[in-house]
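Numbering (this note's numbering), first residue to last: 1 to 204.
Accompanying notes for the structure given below.
This is the structure in structure tokens:
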């Protein structure tokens with residue numbers, strides 16, 4: 001397992017991992033999916049009080065659950081959390097009025113919940129100041145950092161190419177985890193991920 005984690009964190013392709021390790025493709029894909037799952041569920045401590053626990057990725061995610069969706073970004077200190085929100089839920093709860101519109105959608109300030117930004121139509125919508133339409137200063141909401149993260153995530157997802165829609169939250173979870181743990185050494189990342197997968201298998 002540790003060797004697979006190491007190869008995975010080095011972002012080696014499935015073919016390269018299969019070439020280097022004595023493991024079947026079926027088993028490897030199962031393990032990689034499980035690694036992405038535990039990464040997607042590993043909410044940073046700084047963000048946890050603000051995160052919606054109901055939007056933690058579940059292994060039985062429906063294939064049609066993300067046919068239309070937006071992203072809610074929560075930023076606290078240097079950590080970021082991404083919540084995948086079905087469009088139907090966003091409209092029903094009033095989080096957005098019209099996410100399909102080509103123009104900037106209407107997002108009532110009081111309904112932003114804990115989000116620092118919302119990604120709608122591939123654009124970052126910054127959190128407005130409560131009570132007016134002005135954008136909060138970057139010193140309060142590190143928008144440059146948020147945009148840097150979104151650019152990083154888009155590049156990583158584009159590099160993967162051909163991601164099945166129902167698997168998208170797992171890949172988002174993977175790269176969000178890597179971004180949040182980017183200051184750790186590879187060895188420390190391996191230890192942390194190994195602990196996550198061990199606890200998951202033990203049912204903790």
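Don't be surprised by glycine CBs; every beta carbon is placed ideally from N, CA and C.
| query | result |
| --- | --- |
| Report the rounded CA-to-CA distance for residue 121 versus residue 87, giving the unit in angstroms. | 11 Å |
| Quick check on the DSSP output: the alpha helix (DSSP H) that includes residue 75 runs from which residue to which? | Premise fails: residue 75 lies in the beta strand (DSSP E), 69-76, not in any alpha helix (DSSP H). |
| To the nearest angstrom, how far is it from the Cα of residue 25 to the Cα of residue 18? | 7 Å |
| I need the straight-line Cα distance from residue 159 to residue 149, nearest angstrom please. | 15 Å |
| Taking the straight line between their C-alpha atoms, what separation do you get for residue 23 and residue 12? | 15 Å |
| Check for me: the beta strand (DSSP E) holding residue 83 runs from which residue to which? | 79-86 |
| Going by beta-carbon coordinates alone, are residue 28 and residue 21 separated by less than 9 Å? | yes |
| Compare the C-alpha of residue 71 against each of 145, 16, 118 and 43 and name the closest. | 118 |
| In the DSSP assignment, the beta strand (DSSP E) including residue 124 goes from what residue to what residue? | 123-126 |
| Work out the CA separation of residue 202 and residue 153 for me, nearest whole Å. | 31 Å |
| Closest Cβ-Cβ distance between residue 29 and chain B: below 9 Å? | Judged by its chain identifiers, the structure shown contains no chain B, having just a single protein chain. |
| Rounded to whole angstroms, what is the Cα-Cα separation between residue 163 and residue 73? | 21 Å |
| Expressed to the nearest angstrom, what Euclidean distance is found between the alpha-carbon atoms of residue 2 and residue 198? | 11 Å |
| Would you give the residue range spanned by the alpha helix (DSSP H) that residue 173 belongs to? | 168-180 |
| Span of the alpha helix (DSSP H) holding residue 120? | Element bounds for residue 120: not the alpha helix (DSSP H) but the beta strand (DSSP E), 117-120. |
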